[in-house]
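Protein chains in written order, with our numbering: chain A, 4 to 297; chain B, 4 to 297. For glycine and all other residues, C-beta sits at the position ideal for the given N, C-alpha and C. All of these numbers come straight from a predicted model, not from anything done at the bench. Following: one structure in structure tokens, then a few remarks.
Encoded structure:
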């Protein structure tokens, strides 16, 4: 396999848009904006918004600007990290190589910074996203709220918390991963397709792609937590083990986990065959997800 | 003044709709739904959704069903209470006469129950609210996210936290109240008007009404915290004093605070004169807000 490169051009566009939507000035009370910015403007791959941009671009309408919504998805992701990192939940002090929000701003402000980013996500979509048809915005809000609520991200996080320290079977692990991480990745993909005006068949194909991509992402994350280096994770590896959390390697072993991730990448690329457009950037993204651990 | 009655018929409709949207079964993981329901299905006046219903009804289209959105607003209010009650924020153990969410379910689940209700609010609006024009839904999401984020509820709560134990002037107190409580009350009113198809002039009138109503509500709440009884508050009075929080009575005295509340009620009713419909139910609600403390 040739070297797989991350779409850094898209990442930089997201970075710039986030800076524009959340400028470091003229806000009151300043503290909450500082806390939000600390966690939001923190580098990272911007995987979810980049995925949204790539899907919208793949559909072909290059003029469509999905950036407000792409940034909204990053706000939701960031809010979930801030809350997950709290001492009363996962108790992580470092994230993306920086102290976590509560370490710098206190737990009260961290809870509220997460809440504020969640609210801002929907504000960006409703107030800043330009579309030809407002029904698209309604569908986007539907997708994003569903993916981030109790039927999605929160549900997965709760089961993860309940399961910590217990013997967890593969079905439970799959539920945790597909809800805690998978649904927001899937929504990022579907939302790009919805805003881009995908046909019903294309939306189905993108959904299938996203499901496999999400699995590859999660299993690779688990693998990285075992074999990764601190510098590439931005936090100490082994935190899942420390928290006694179930992972693919802990249930199935490292070898089988790698096979599952490889298979998921393959299936993601197969799903793209139903999109009759140039899907090479999305195939490349799937490759990248797995290659992170090499 | 004759006895002012709360619109209990509307409250009961909200109560039933909340029960229907959040049934006590068939949900997984069960724990998060139990925690959400504990805080959501807990009695209370349902002031905000009732206000939404009254405004929509006042505009005259009785067939308009704004219930999913009205319930969404109650979800936002409840989520903010769950987070505010956390030991790392206000540390309240009782709410509406029952143990708060974290007391029964733990702080981790309480944070996530709040998050889940916030997500469900936008899901109810995008997925369950039927409208003639999807642009109305977009406007509702815009209003609600703005009112609940850093420019609204969260901003007020942050300034409240920062100000605790400090000498606070009237401007700061006004900012805290108008953002922490006022903007969601105002949004409840405006959203009812938007969904009901209010004219631009009517929307302005309802906004003015809501601003005065919100002020009356906040000042009366402050007064109740000084003079109220535990049973009517559902929590111990004096909690503002215990938390060293600024209130209208602590800055302006009880007598002047009562005058301000009375004046606000009067102004709310004057604002209604610009709505050329039967606004008696809204005038009555303004009276009720102040009469609570008698």
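The distance from the Cβ of residue 191 (chain A) to that of residue 214 (chain A) is about 12 angstroms, inconsistent with a contact at the 8 angstroms cut-off.
Boundaries for residue 31 (chain A): no alpha helix (DSSP H) harbours it, and the DSSP string shows neither H nor E there.
Put simply, the backbone Cα of residue 104 (chain B) is about 44 angstroms away from that of residue 204 (chain A). Contact annotation: the stretch 55-63 of chain B touches the stretch 10-30 of chain B, with at least three C-beta pairs closer than 8 angstroms.
Going by C-alpha positions, residue 143 (chain A) is about 33 angstroms away from residue 106 (chain A). Scanning its chain for C-beta atoms nearer than 7 angstroms, with the 5 sequence neighbours on each side dropped, one finds around residue 47 (chain A) the residues 99, in chain order. Within the same chain, Cβ atoms closer than 6 angstroms to the Cβ of residue 185 (chain B) are found at 217, the five residues on either side in sequence being excluded.
If you look at residue 77 (chain A), you'll find it in the alpha helix (DSSP H) that goes 70-88. Residue B:162 holds the alpha-carbon nearest to the alpha-carbon of residue 178 (chain B) among B:162, B:96, B:273, B:167. Taking each of A:36, A:292, A:271 in turn and checking the Cα distance to residue 208 (chain A), the smallest one comes out for A:271. Cβ contact annotation for residue 149 (chain B) (same chain, cutoff 7 angstroms, sequence separation greater than five): 155, in chain order. When CB distances to chain A are screened at a threshold of 7 angstroms, the residues of the stretch 161-194 of chain B falling below it are 161, 162, 164, 165, in chain order. In this structure, DSSP gives residue 8 (chain B) a state outside helix and strand, which the three-state scheme calls coil. Burial check for residue 12 (chain A): the Cβ neighbour count within 10 Å stays below 16, so the residue is exposed. With fewer than 16 neighbouring CB atoms inside 10 Å of its own CB, residue 27 (chain A) falls in the exposed class. Exclusion of the five residues before and after residue 131 (chain B) leaves 71 as the residues of its chain whose Cβ lies within less than 6 angstroms of its Cβ. An exposed status is given to residue 33 (chain B), since fewer than 16 other beta-carbon atoms sit within 10 Å of its beta-carbon. For residue 210 (chain A), no CB of chain B lies under 8 angstroms from its own CB, so it is not counted at the interface with that chain. A straight line joining the alpha-carbon of residue 45 (chain A) with that of residue 152 (chain B) spans about 21 angstroms.
Setting aside the 5 residues that flank it on each side, residue 80 (chain A) is surrounded in the same chain by 51, 187, each with a C-beta closer than 8 angstroms to its C-beta; the list follows chain order.
For residue 144 (chain A), the nearest CB of chain B lies under 8 angstroms from its own CB, placing it at the interface with that chain. Considering only B:30, B:283, B:90, B:289, the residue with the shortest C-alpha distance to residue 61 (chain B) is B:283. Residue-level contact by beta carbon fails for residue 52 (chain B) and chain A, as no gap is shorter than 8 angstroms. Using a Cβ-Cβ cut-off of 8 angstroms, residue 26 (chain A) does not count as an interface residue toward chain B, since no Cβ of chain B sits closer than that to its own. Distance from the Cα of residue 199 (chain B) is smallest, within the candidate group B:292, B:77, B:138, B:39, for B:138. Taking 8 angstroms as the cut-off, the Cβ atoms of residue 75 (chain B) and residue 128 (chain B) count as close. Secondary structure at residue 102 (chain B): strand, using DSSP grouped into helix, strand and coil. Sequence-ordered contacts of the stretch 26-40 of chain B with chain A read 30, 31, 32, 34, 35, 36, 39 [C-beta pairs closer than 8 angstroms].
Here residue 247 (chain B) is exposed. Its C-beta has fewer than 16 other C-beta atoms within 10 Å. Here residue 181 (chain A) is actually not in contact with residue 175 (chain A); their C-beta atoms are around 11 angstroms apart, not less than 8 angstroms.
When C-alpha distances from residue 250 (chain B) are compared across B:275, B:42, B:201, B:169, the shortest belongs to B:169.
The beta-carbon distance between residue 226 (chain B) and residue 264 (chain B), rounded to whole angstroms, is 7 angstroms. This is short enough to meet the 8 angstroms contact definition. A Cβ-Cβ contact shorter than 8 angstroms links residue 160 (chain A) with residue 115 (chain B).
In this model, residue 212 (chain A) and residue 268 (chain A) are separated by some 9 angstroms (Cα to Cα). The C-beta of residue 153 (chain A) comes closer than 8 angstroms to at least one C-beta of chain B. At a C-beta separation below 8 angstroms, residue 86 (chain A) has these neighbours in chain B: 114, 115, 118.
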